[in-house]
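Here full-length UniProt numbering is used: the sequence shown runs in plain steps of one and ends on residue 117.
Virtual Cβ for every residue (Gly too), placed ideally from N, Cα, C.
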Amino acid sequence: MTTCKRHAYDAEFKLKAISHAVEHGNRAAAREFNVNESMVRKWRKQQDDLRQVKKTQRSFRGNKARWPQLEDKLEHNEQLQGSGSAVGLNPKAKASSTNTSLESSPDSRADCAPVSP
């Protein structure tokens, strides 16, 4: 099986494909813009949201964060660590995860060694 390089398209490109699909159909738009027809269908569903974002922004490129509150806390802690904080990230991450109402995941690695600065 060959692997293909994944592409990220900006909002302007997607809106052009949508307008072409409205006039000529999803298949014709997919052929014209060299994308999969399912992508055109997905973009048509996102049309209202795409019109509201910055046109040069690569929009709606994948899954959202599973735990956004925890990731915000981790980002804040990383900024503190970068600014000279002597405390490692792992203890803070562990405390943040116990303070939030998140379900534990088999992927979570709370037993990992702390990151040395």
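DSSP places W67 in no alpha helix (DSSP H); its state is neither H nor E. Look at the beta carbons and you see the region 26-46 not touching the region 68-82: under three pairs across the two are nearer than 8 angstroms. If you draw a 10 Å sphere on the C-beta of L50, you find 16 or more other C-beta atoms in it, and that means buried.
R6 and H20 have their alpha carbons spaced roughly 22 angstroms apart. Here the alpha carbons of L15 and N36 stand approximately 15 angstroms from one another.
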